[in-house]
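Take a look at the structure below.
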């Protein structure tokens, strides 16, 4: 029988795997390096020296038995395994932060009464939210609900990192991956334009027409997807968006219910071919909150 001889340089990555769970500290170190793609900047961000950070990443690679990063004269790059750990590591760190926030919230005021934090997009969902909160408040033993207005498209992130226990989310453009949900309503969409624009008097528009209005680009939501794609300004809150539209610097596409926050300087034109948008009450799939379950049942009845 002939035995294969494995060169020494591979022993760091072969046959060293174990079932020991990853530590939060290791994940923080790796995510910092993976996001910066530079050990010096990552070390500065973490408030530590570079040599121990490099050694920590090497130990992590030995434990996992895979290369996470490639290092050469051109810099640092992620391998396929590194891309996977970056995605999973971010999610794991978000879950630990969420656990800490929700635990502190549960223990506030001695934990005498459960409190739910409900994230909503500022300026939206008025009628739906009022009906839901009134119906839930009438339930025996209803928890206190803190309504937390948030920036455009922040609700999903707030659920994942524990700032909120439950949220109202539009689908699309947001995702319900990892959440349980109850659908509250489905509606069409409108184009929001400056009131004096030549297209503001139209009975309807197509998505293609709205996306091609000269000098009036569609505003983009923040985040990695940047939807809708294009050169339009990135917006972070309702007031900013309202001003840009009123000044003739941007247009936007919103569910029909968004007309409740429009200014007199805005016009809403129905879209003939836009996909319908569903409003969901969403919460983390692993939640065991009885108060949240009661809120979801109330939403289902409505």
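In the UniProt record's numbering, the protein residues as written are 1 to 302.
Quick reminder that beta carbons are idealized off the backbone N, C-alpha and C, glycines included.
Inter-residue spacing [alpha-carbon to alpha-carbon] between residue i and residue j
{"i": "residue 76", "j": "residue 25", "result": "21 Å"}
{"i": "residue 131", "j": "residue 141", "result": "18 Å"}
{"i": "residue 289", "j": "residue 181", "result": "14 Å"}
{"i": "residue 268", "j": "residue 193", "result": "6 Å"}
{"i": "residue 136", "j": "residue 213", "result": "44 Å"}
{"i": "residue 144", "j": "residue 114", "result": "7 Å"}
{"i": "residue 222", "j": "residue 292", "result": "28 Å"}
{"i": "residue 53", "j": "residue 128", "result": "50 Å"}
{"i": "residue 272", "j": "residue 176", "result": "26 Å"}
{"i": "residue 255", "j": "residue 103", "result": "35 Å"}
{"i": "residue 207", "j": "residue 274", "result": "6 Å"}
{"i": "residue 186", "j": "residue 155", "result": "18 Å"}
{"i": "residue 281", "j": "residue 91", "result": "21 Å"}
{"i": "residue 88", "j": "residue 218", "result": "33 Å"}
{"i": "residue 188", "j": "residue 270", "result": "8 Å"}
{"i": "residue 43", "j": "residue 82", "result": "18 Å"}
{"i": "residue 133", "j": "residue 300", "result": "13 Å"}
{"i": "residue 244", "j": "residue 251", "result": "8 Å"}
{"i": "residue 48", "j": "residue 31", "result": "15 Å"}
{"i": "residue 161", "j": "residue 93", "result": "9 Å"}
{"i": "residue 259", "j": "residue 294", "result": "30 Å"}
{"i": "residue 78", "j": "residue 67", "result": "9 Å"}
{"i": "residue 22", "j": "residue 86", "result": "13 Å"}
{"i": "residue 50", "j": "residue 29", "result": "11 Å"}
{"i": "residue 231", "j": "residue 65", "result": "43 Å"}
Candidates the options, of which the one nearest residue i by Cα
{"i": "residue 166", "options": "177, 242, 201 and 147", "result": "147"}
{"i": "residue 150", "options": "237, 177 and 82", "result": "237"}
{"i": "residue 179", "options": "168, 186, 185 and 187", "result": "168"}
{"i": "residue 247", "options": "271, 216, 121 and 184", "result": "216"}
{"i": "residue 163", "options": "116, 300 and 252", "result": "116"}
{"i": "residue 277", "options": "184, 295, 201 and 159", "result": "184"}
{"i": "residue 264", "options": "233, 50 and 200", "result": "200"}
{"i": "residue 71", "options": "126, 33 and 46", "result": "33"}
{"i": "residue 159", "options": "29, 28 and 286", "result": "286"}
{"i": "residue 84", "options": "35, 241 and 253", "result": "35"}
{"i": "residue 240", "options": "202, 46 and 262", "result": "262"}
{"i": "residue 172", "options": "235, 74, 302 and 253", "result": "253"}
Buried/exposed call for residue i, threshold 16 Cβ in 10 Å
{"i": "residue 56", "result": "buried"}
{"i": "residue 170", "result": "buried"}
{"i": "residue 37", "result": "exposed"}
{"i": "residue 279", "result": "buried"}
{"i": "residue 119", "result": "buried"}
{"i": "residue 297", "result": "exposed"}
{"i": "residue 284", "result": "buried"}
{"i": "residue 106", "result": "exposed"}
{"i": "residue 196", "result": "exposed"}
{"i": "residue 121", "result": "buried"}
{"i": "residue 204", "result": "exposed"}
{"i": "residue 266", "result": "buried"}
{"i": "residue 40", "result": "exposed"}
{"i": "residue 138", "result": "exposed"}
{"i": "residue 242", "result": "buried"}
{"i": "residue 73", "result": "exposed"}
Reduced DSSP secondary structure (H/G/I, E/B, other) of residue i
{"i": "residue 79", "result": "coil"}
{"i": "residue 233", "result": "coil"}
{"i": "residue 302", "result": "coil"}
{"i": "residue 212", "result": "coil"}
{"i": "residue 199", "result": "coil"}
{"i": "residue 286", "result": "coil"}
{"i": "residue 134", "result": "helix"}
{"i": "residue 106", "result": "helix"}
{"i": "residue 291", "result": "helix"}
{"i": "residue 296", "result": "helix"}
{"i": "residue 267", "result": "strand"}
{"i": "residue 114", "result": "coil"}
{"i": "residue 191", "result": "strand"}
{"i": "residue 241", "result": "helix"}
Closer than 6 Å: residue i CB and nearest the ligand SAH heavy atom
{"i": "residue 189", "result": "You won't find the ligand SAH in this model; it holds no ligand whatsoever."}
Problem - the segment 53-71 / the segment 93-105 touching (three or more Cβ pairs under 8 Å) - result: no
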